[in-house]
Amino acid sequence: MKSQARRLNRQDYKTLSLAALGGALEFYDFIIFVFFAAVIGELFFPPDIPDWLRQLQTFAIFAAGYLARPLGGIVMAHFGDRVGRKKMFSLSILLMALPTLAMGALPDYHAIGLTAPLLLLLLRILQGAAIGGEVPGAWVFVAEHVPEKRVGFACGTLTAGLTAGILLGSLVATLINSLLSPEAIAAGGWRIPFFLGGAFGLLAMYLRRWLHETPVFQQMQARKTLADGLPLRNVLQNHKRAVLISMLLTWLLSACIVVVILMAPTLLQKQTALSAALTLQANSVATVMLLAGCIIAGLLADRLGAAKVLTIGCLLLALCSWVFFTQAARSPTALFITYALAGLSVGVVGIVPFVMVRAFPAAIRFTGISFSYNLAYAIFGGLTPVCVTLLMRFSPLAAAWYVLALALVGILTGLWLGWADRRNAILQQVNA
12 MKSQARRLNR QDYKTLSLAA LGGALEFYDF IIFVFFAAVI GELFFPPDIP
62 DWLRQLQTFA IFAAGYLARP LGGIVMAHFG DRVGRKKMFS LSILLMALPT
112 LAMGALPDYH AIGLTAPLLL LLLRILQGAA IGGEVPGAWV FVAEHVPEKR
162 VGFACGTLTA GLTAGILLGS LVATLINSLL SPEAIAAGGW RIPFFLGGAF
212 GLLAMYLRRW LHETPVFQQM QARKTLADGL PLRNVLQNHK RAVLISMLLT
262 WLLSACIVVV ILMAPTLLQK QTALSAALTL QANSVATVML LAGCIIAGLL
312 ADRLGAAKVL TIGCLLLALC SWVFFTQAAR SPTALFITYA LAGLSVGVVG
362 IVPFVMVRAF PAAIRFTGIS FSYNLAYAIF GGLTPVCVTL LMRFSPLAAA
412 WYVLALALVG ILTGLWLGWA DRRNAILQQV NA
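Have a look at this one:
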């Protein structure tokens, strides 16, 4: 019990810092594509096709990364449960860094014809496979390193680090577009962010060599209790309830970030008189508040438990997001204040990995989280923008209603977790 309640030591902070840094850089590498989608579409597809078709093909290549996540995540998780967390943790960042570097050096359509978009698609699929293994692997890695009473803080901090990759991508894209003309960007400036991401990814991989295998996996090796056969079969046969809960929470995580952080600036620009520069500045503030919210949610989970934090956090999410979508256009001040509060409330997603790492036993934990998270992210991460856009035909507040629905899912899940915790406590007392 003493080791479970101890404070984080220097090695714990080192592990958490390197995991968060690597995760942020991987997320940067994964999403930097979307910030330069327009110029990539012009350079990598035939110049005589319609603009809408070029844009569709470009975003289809971007979406391919999401579709590749489940397969890459499941394969890497299988070996993570069988041969070690650290090996897959290092492999995932290498699989992200190399394709990102290759994207920066890839010849365009004018140089190699249709081979250019095909190679771009292949590299994007490799990126998707890498991110599919990185995120669940990082959550498992830090959760199995830190004391049990600090798992919430570790998972929340790591989730904040992953989200910081989105902010980093936005800042780099803004800097490139501020310093270079559109002609200079098309001539090669767009390659700079990819070279930076690949180089930093390789640096992060080098730094990760100083990390150690998790104590939990080492104990399973020593006791010969590693997963037998296919871990995925065990997950699907014996842990359906954990898979369902994990997928619902992944829906909450992915869709909230997509709607409130990624889609909201564009929606505000289209529906109100707010400028692009103003909404993007407010978006940066909201993203910073999201990082803080993830850490706060993790800290509270360690003290209050997942059920209470999830239930109360989703109530705040419903309130703050509704106020944001209905009041943000009133003035620049209202925009910044309501967007900051909405970003902070979205930080409730920092509790998602805390619930998932506790939902699966250690022997199949990596596979259970990876399957649930990546499958749900591929479905909801891709369908959410489509659903919100279609619902906009019926209500200008479609995005707000969608987030309210997600908050309700989170509240019901929190109540169910609370009931399950009370039932388990009663059973333990009866058995004692």
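Numbering (this note's numbering), first residue to last: 12 to 443.
Glycine is no exception: its CB is placed at the ideal position from the N, C-alpha and C atoms.
Counting only the Cα atoms, VAL366 lies some 14 Å from LEU423. The beta carbons of GLU145 and ARG96 sit no closer together than 8 Å.
Here the region 106-124 makes no contact with the region 333-348; the two share fewer than three CB pairs at distances below 8 Å.
Around the CB of PRO81, 16 or more other CB atoms lie within 10 Å, so the residue is classed as buried. Here LEU178 is not near THR261, since their CB atoms are 8 Å or more apart. Of the residues CYS398, LEU285, PHE47 and VAL320, the one whose Cα lies closest to the Cα of TRP427 is VAL320. The DSSP-derived three-state label of ASP432 is helix. With a beta-carbon spacing of about 6 Å, ALA48 and PHE70 fall inside the 8 Å limit used to define contacts. Excluding five sequence positions before and after LEU310, the CB atoms of its chain that fall closer than 6 Å to its own CB belong to PHE164, given in chain order. Proximity to GLY379 across ASP92, VAL360, LEU27 and GLN229 peaks at ASP92, based on C-alpha coordinates. Of the residues CYS398, PHE55 and GLY172, the one whose Cα lies closest to the Cα of LEU32 is GLY172. Straight-line measurement puts the Cα of LEU213 at about 22 Å from the Cα of ILE187. Considering only MET258, VAL296 and SER265, the residue with the shortest C-alpha distance to PRO276 is VAL296. Under the 10 Å beta carbon count, ARG252 is surrounded by fewer than 16 other beta carbons and is classified as exposed.
At the C-beta level, ILE268 and VAL357 come within 8 Å of one another. Our two residues, VAL45 and THR349, have alpha carbons roughly 26 Å apart in a direct line. Distance from the Cα of ALA197 is smallest, within the candidate group VAL151, LEU27, PHE211 and GLY115, for GLY115. At the C-beta level, LEU301 and ILE323 stay beyond 8 Å of one another. Counting every other CB atom within 10 Å of its CB across the protein chains shown gives GLN439 a total below 16, marking it as exposed. Non-local C-beta neighbours of ASN245 in its own chain, meaning closer than 7 Å and more than five positions away in sequence, comprise ALA238 and ILE375, ordered along the chain. Collapsing the DSSP output to three states places ALA287 in a helix. ALA30 and VAL441 have their C-alpha atoms some 41 Å from each other.
Sequence-distant partners of LEU105 (beyond 5 residues in either direction) whose C-beta falls short of 6 Å from its own C-beta, in its chain, are MET216. A direct Cα-to-Cα measurement between LEU279 and LEU133 gives close to 34 Å. Taking the C-beta atoms as reference points, LEU352 is found no nearer than 8 Å to CYS325. Annotation for GLY354: the continuous alpha helix (DSSP H) segment containing it runs 343-357. A direct Cα-Cα distance of roughly 15 Å separates PHE152 from GLY84.
Burial is judged here by how many other beta carbons sit within 10 angstroms of a residue's own beta carbon; PRO118 has fewer than 16 and is exposed. THR168 sits in a helix when the DSSP states are folded into three classes.
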